[in-house]
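In this note's numbering, the protein residues as written are 1074 to 1503.
Glycine is no exception: its CB is placed at the ideal position from the N, C-alpha and C atoms.
First the structure, in the form of structure tokens, and then the observations on it.
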Ligand SMILES: Cc1ncc(COP(=O)(O)O)c(C=O)c1O
């Protein structure tokens, strides 16, 4: 079968719920991908911020095959060794007092379970925990509560109340590039707005506030320092639990093991997935002992959660990130990218904004640097151009005008330079 035949057959039998890049991937090694026709690509998106240690890392392959040869599946009804070692490791590397982990199978599930955990916690305190606050422009998943928490209407069309769970309210995002205020003021204003949201849109019985420390799908939006300072004060004063969705930002992506470390944040709960499993389907909700203590037998269960193969690979994946200094490489190559892009911005006014930490970088394209009109078509064309030139990048933002560079953290400086050259060529052509 060639690529065309695969895609034709897929159209006949696969629910067409999302558009795909017309490439059939067959192999990956490090930062390189290969398709069915043998074309090579530099991967600058890591399967949406997942393959942080690179593709087909020998140690991951070995960890998976060794575990598979022992036992592939136990179900949640039994203990298994990799699962226990993994939750112990997560308690060691996550910030603050996060100590107890519930394992599941994806980012969406991590968020869904986070919601259950904070609801149960509220219940244990004699409250209903009827409201949840999330941010506009956010992305937390596409099922039930996670879709309701997602602050982008485009994902909700046609799903009526399924996409709008009762009690979920949204607060403004500190999207400073699109604010008339200074970053400092923009951050304070957005954080203070949470108080208004609580007072005007809830009965005051708020189970938790959830946010991505850096908004990924929303267009690599980085809240300014002032936002977190004011936010954490408000949450503390109002006794609102703080959930950080680090599904996309975790495991070295932003130049720290977790993005929360940039601001010394100590959430009550963190949702993890993507970079956790190096490509294996695994998610986690990690909480403080106070929250974990309100959970009783029967509250949670998953047939596959804590699967020994996924856990063994995740454990090895974390060891690789630490032993191969991939967090440092994320900082180093992230700077190389940003320096090169800033140079390009001088000559190309279509680059409205460059923002990012580590290897989570967004390039916001605009038609005019004054009006900041989103250059969405141009962004789409650039993604297409780069694909044809052998570079895979992502696209995001609420206007679809933010190019996203989120490569495996093992990307070399030479590979990054090639990506920069291709981007510059693309800008010259468009
Ligand atoms: C911040 C964030 N949360 C949750 C999710 C959902 O993760 P998954 O696609 O693994 O269900 C994503 C996916 O992109 C995400 O970026």
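Test: residue i CB closer than 8 angstroms to a CB of chain C
i: residue 1194; result: Absence of chain C from the displayed structure is noted, only one protein chain being present.
Beta-carbon contacts of residue i that lie in its chain and below 8 angstroms, excluding the five residues immediately before and after
i: residue 1502; result: 1458
i: residue 1107; result: 1098, 1099, 1100, 1101, 1113, 1114
i: residue 1232; result: 1220
i: residue 1307; result: 1264, 1265, 1267, 1268, 1313
i: residue 1400; result: 1325, 1328, 1329, 1330, 1394, 1431, 1482
i: residue 1381; result: 1140, 1143, 1144, 1145, 1146, 1147, 1153, 1154, 1155, 1156
i: residue 1275; result: 1203, 1204, 1206, 1240, 1242
i: residue 1059; result: The structure shown does not extend to residue 1059, since the chain spans only 1074 to 1503, so no value can be given for it.
i: residue 1215; result: 1181, 1223, 1228
i: residue 1305; result: 1315, 1338
Local Cβ density within 10 Å of residue i, reported as buried at 16 or more and exposed below that
i: residue 1134; result: exposed
i: residue 1391; result: buried
i: residue 1495; result: buried
i: residue 1104; result: buried
i: residue 1450; result: exposed
i: residue 1125; result: buried
i: residue 1171; result: buried
i: residue 1487; result: exposed
i: residue 1402; result: buried
i: residue 1130; result: buried
i: residue 1455; result: buried
i: residue 1239; result: exposed
i: residue 1303; result: buried
i: residue 1273; result: exposed
i: residue 1111; result: exposed
i: residue 1433; result: buried
i: residue 1234; result: exposed
i: residue 1089; result: exposed
i: residue 1218; result: buried
i: residue 1321; result: buried
i: residue 1396; result: exposed
i: residue 1298; result: exposed
i: residue 1086; result: exposed
i: residue 1248; result: buried
i: residue 1151; result: exposed
Residue i versus residue j - alpha carbon distance
i: residue 1424; j: residue 1211; result: 23 angstroms
i: residue 1435; j: residue 1198; result: 41 angstroms
i: residue 1284; j: residue 1462; result: 35 angstroms
i: residue 1195; j: residue 1317; result: 18 angstroms
i: residue 1041; j: residue 1187; result: Because the chain here runs from 1074 to 1503, residue 1041 falls outside it and cannot be looked at.
i: residue 1499; j: residue 1280; result: 47 angstroms
i: residue 1300; j: residue 1445; result: 23 angstroms
i: residue 1254; j: residue 1332; result: 25 angstroms
i: residue 1427; j: residue 1453; result: 17 angstroms
i: residue 1156; j: residue 1083; result: 35 angstroms
i: residue 1490; j: residue 1410; result: 8 angstroms
i: residue 1250; j: residue 1136; result: 44 angstroms
i: residue 1470; j: residue 1294; result: 9 angstroms
i: residue 1185; j: residue 1311; result: 23 angstroms
i: residue 1078; j: residue 1120; result: 23 angstroms
i: residue 1190; j: residue 1398; result: 34 angstroms
i: residue 1479; j: residue 1467; result: 8 angstroms
i: residue 1371; j: residue 1476; result: 44 angstroms
i: residue 1226; j: residue 1319; result: 22 angstroms
i: residue 1271; j: residue 1472; result: 28 angstroms
i: residue 1414; j: residue 1405; result: 14 angstroms
i: residue 1291; j: residue 1074; result: 37 angstroms
i: residue 1341; j: residue 1315; result: 5 angstroms
i: residue 1096; j: residue 1258; result: 44 angstroms
i: residue 1230; j: residue 1132; result: 42 angstroms
7 angstroms Cβ shell around residue i - same chain, five flanking residues per side excluded
i: residue 1448; result: 1423, 1438, 1439, 1440, 1474
i: residue 1243; result: 1207, 1208, 1209, 1224
i: residue 1179; result: 1346, 1354, 1356
i: residue 1367; result: 1193, 1194, 1197
i: residue 1149; result: 1374, 1375, 1376, 1378, 1379
i: residue 1429; result: 1293, 1407, 1411, 1435
i: residue 1442; result: 1422, 1425
i: residue 1245; result: 1209, 1263, 1266
i: residue 1127; result: 1103, 1104, 1481, 1483
Rounded distance between the beta-carbons of residue j and residue i, thought under 8 angstroms
i: residue 1324; j: residue 1288; result: Actually they are not in contact, since the Cβ atoms of residue 1324 and residue 1288 sit about 17 angstroms apart, beyond 8 angstroms.
i: residue 1296; j: residue 1260; result: 6 angstroms
i: residue 1143; j: residue 1388; result: Actually they are not in contact, since the Cβ atoms of residue 1143 and residue 1388 sit about 14 angstroms apart, beyond 8 angstroms.
i: residue 1369; j: residue 1183; result: At roughly 20 angstroms, the Cβ-Cβ gap does not stay under 8 angstroms, so residue 1369 and residue 1183 are not in contact.
i: residue 1460; j: residue 1094; result: 6 angstroms
i: residue 1028; j: residue 1338; result: Nothing can be reported for residue 1028: it is not among the residues displayed for the chain, which extend from 1074 to 1503.
i: residue 1359; j: residue 1174; result: 5 angstroms
i: residue 1384; j: residue 1159; result: 4 angstroms
Chain-order list of residues whose beta-carbon lies under 6 angstroms from that of residue i (same chain, five-residue window excluded)
i: residue 1200; result: 1278
i: residue 1176; result: 1357, 1378, 1379
Handout entry: Neighbouring residues (CB closer than 6 angstroms to any heavy atom of ligand 1)
Key = 1121, 1179, 1180, 1181, 1184, 1212, 1213, 1214, 1285, 1289, 1290, 1318, 1320, 1321, 1346
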